[in-house]
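Structure, as structure tokens:
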Amino acid sequence: MKIQISEHFTTKKLLTFCLPSIIMMVFTSVYGVVDGLFVSNYAGDTAFASVNFIMPLLMAFGSLGFMFGTGGSAIVAKTFGEGKKELANQYFTMIVSANIITGVILSVIGFILLKPVAILMGASAEMLDYCLKYGRILICAVPFFMLQNVFQSFFITAGKPDTGLKISILSGVTNMVFDFLFIGGFRWGVTGAGLATALCQIVGAVIPLFYFARKNTSLLRFVKFKFNKTVIFRTCTNGSSELMTNISMSLVNMLYNGQLMKYAEKAGLDGKDGVSAYGVIMYVSFIFVSIFIGLSIGSAPVVSYNYGAKNSAELKNIFRKCLVIISCIAVAMVILSQAIATPLAKIFVGYKPELFNLTVHAFRIYAISFLLAGFNIYGSSFFTALNNGFVSAMISFLRTLLFQVVMVMLIPLVFGLDGIWSSIILAELLALFVTVFFIFSNRKKYGYM
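Under the numbering used here, the first residue of the sequence shown is numbered 3, with each subsequent residue one higher.
Right, dumping it as structure tokens:
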């Protein structure tokens with residue numbers, strides 16, 4: 003059943019429309035987990051800790067793709083809602099072009115600065131070589147990583163979330179196959195992991211380029227355009243919350259790693275074990291949180307379209323249904339996470355008993371935050387879809403940077419290592435208060451309540 007963003011959505015229809023986006027985000031997270039599994043079990047705990055240590059920096063580069071994708075798709079979908087189809091395609095082509103140029107520039111800068119930045123972040127001597135081997139490969143693939151992230155949003159706006167899902171699955175399978183070949187077969191360690199990930203990003207970027215470059219059955223295709231600085235600025239400001247979310251997560255992850263090295267040693271553990279345990283938690287939490295992100299990304303073009311069409315009745319309908327869906331998912335996630343903590347830790351780090359026990363304990367504390375995270379993720383995405391980049395960025399900035407930084411610095415002073423694992427819960431709770439405030443204060447302006 004083909005569903006258009008202009009339709010009225012029942013709960014079933016909304017879930018059907020968003021499901022490809024949810025699966026796409028989950029699958030993207032899963033193949034990242036496969037990287038970690040192979041590195042941990044074939045290259046050892048030092049290599050695993052090194053990959054997790056440098057990964058936040060690499061994700062920060064790729065986050066600009068999310069900015070162009072989410073901010074741009076909101077503008078393009080709103081333009082469709084206003085009935086300006088040709089202009090929407092011009093904006094789409096221009097945004098993708100700007101993303102490619104930005105990616106190439108970032109790749110060059112990142113390659114030059116990778117080593118001094120890794121040292122500045124606190125990479126130990128034994129970890130630095132692994133960080134550079136893995137990081138240099140993925141820095142070269144940054145333009146493709148950014149494009150992959152851009153197209154994840156635009157396939158939904160184009161009315162082809164199922165096509166986006168198929169490409170994501172193909173790129174994920176590419177990553178898994180080459181992980182098996184390069185790491186498990188050739189024993190290339192972190193170099194193999196980097197090459198496998200880079201190849202999957204190339205697949206996820208190049209296929210959509212060819213798809214939109216020719217005539218297709220979607221709402222979007224590449225056309226001639228005139229560069230419009232105002233639209234690019236609006237794209238960047240509107241998508242700034244997604245940029246802020248990803249960069250903030252990267253910065254906070256770096257801070258977590260530093261705190262874990264410090265407090266794990268105070269607790270009589272190997273500091274590297276703290277980083278490894280956090281790495282496992284991040285891999286698994288990415289899968290869980292990606293469900294919320296997929297729902298938010300999937301429903302965003304529908305919100306943008308109806309905002310452009312001034313259909314407040316449908317805005318109310320979508321908003322209410324999404325909140326109900328998020329509530330159900332959040333409760334299920336916490337119950338599931340408590341049940342699977344032990345087997346998951348065994349898969350990743352079962353070869354080292356003290357690291358295994360630390361990971362199980364830490365994940366069970368951290369997982370309580372899933373009760374709250376979905377509402378904050380959706381709140382930020384919702385305001386991006388309404389073309390209100392300021393409110394979206396404020397929610398994102400406070401949630402992913404300020405509150406988490408404050409909590410992870412203060413709570414461990416009282417509770418030690420457990421304070422690090424629980425700091426995310428308090429940060430999400432504070433962010434929820436902010437999200438609720440903005441939702442209620444803007445309800446009359448947009449008419450979604």
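Cβ atoms here follow ideal geometry from the backbone N, Cα and C, with glycine treated the same way.
Hey, how far is the Cα of residue i from the Cα of residue j?
i    : j    : result
L17  : Y450 : 19 angstroms
V32  : I289 : 6 angstroms
T386 : K354 : 44 angstroms
N240 : A395 : 8 angstroms
A120 : V282 : 21 angstroms
D272 : G352 : 16 angstroms
I114 : F350 : 33 angstroms
T12  : K80  : 21 angstroms
N390 : I204 : 32 angstroms
N101 : C238 : 11 angstroms
G38  : T219 : 38 angstroms
Y136 : G310 : 44 angstroms
Y131 : K274 : Looking at the sequence itself, residue 131 is Asp, so the reference to Tyr does not match. In a straight line, the C-alpha of D131 is about 15 angstroms away from that of K274.
M69  : S314 : 26 angstroms
V233 : T344 : 49 angstroms
I97  : T437 : 29 angstroms
Y280 : G73  : 30 angstroms
P58  : R366 : 23 angstroms
I209 : G71  : 16 angstroms
T199 : F19  : 28 angstroms
R401 : G85  : 35 angstroms
S99  : K87  : 19 angstroms
F384 : Y265 : 37 angstroms
V407 : K226 : 45 angstroms
I141 : K4   : 38 angstroms
A51  : K217 : 46 angstroms
V362 : Y448 : 44 angstroms
P118 : E356 : 32 angstroms
Leaving out five residues before and five after residue i in sequence, what residues of the same chain have Cβ atoms less than 6 angstroms from its Cβ?
i    : result
C202 : S173, T176 and N177
F94  : V78 and L222
M409 : S425, L428 and A429
D47  : S278
S382 : S243, S394, I397 and S398
F405 : A429, L432 and A433
R189 : none
S65  : L245, N248 and I249
G421 : I413 and P414
L419 : Y265 and A269
So what's residue i in DSSP terms, helix, strand or just coil?
i    : result
M1   : The chain is shown from 3 up to 451; residue 1 falls before or after that span and cannot be answered.
I426 : helix
H363 : helix
N101 : helix
F442 : helix
K162 : coil
Q154 : helix
F50  : helix
Q6   : coil
A143 : coil
F11  : coil
S126 : coil
L388 : coil
K135 : helix
Y353 : coil
G38  : helix
K117 : helix
K348 : helix
H86  : First, the amino acid is wrong: residue 86 is Lys here, not His. Reduced to three states, the DSSP call for K86 is coil.
G418 : coil
For residue i, I'd like the list of residues in its chain whose CB is within less than 7 angstroms of its CB, leaving aside the five on either flank, ordered along the chain.
i    : result
M26  : Q154, G166, L167, S170 and G296
F214 : L222, R223 and F224
A125 : F55 and C133
V336 : A369, I370, F372 and L373
G206 : Q150, I169, S170 and S173
L325 : none
Q340 : R366 and A369
Within a Cβ cutoff of 8 angstroms, which residues of the same chain sit near residue i, ignoring the five residues on either side of it in sequence?
i    : result
V333 : L373
I328 : F294, L297, G376, F377 and Y380
M263 : G124, G273, K274, G276 and V277
S75  : S155, F156, I158, T159, A302, P303 and S306
Would the C-beta of residue i count as close to the ligand GDP, meaning under 8 angstroms from any of its heavy atoms?
i   : result
E88 : Annotation note on the ligand GDP: not contained in the displayed structure, which lists no ligands.
- [ ] Tell me the start and end of each unbroken alpha helix (DSSP H) in the segment 285-337 that is at least 4 residues and wholly inside, in chain order.
- [x] none
TODO: Scan the segment 198-286 and note each continuous alpha helix (DSSP H) run of 4 residues or more that stays entirely inside, going in chain order.
DONE: 231-240 and 242-268
TODO: Quick one: which unbroken alpha helix (DSSP H) runs of 4-plus residues sit fully inside the segment 169-203? Chain order, please.
DONE: none
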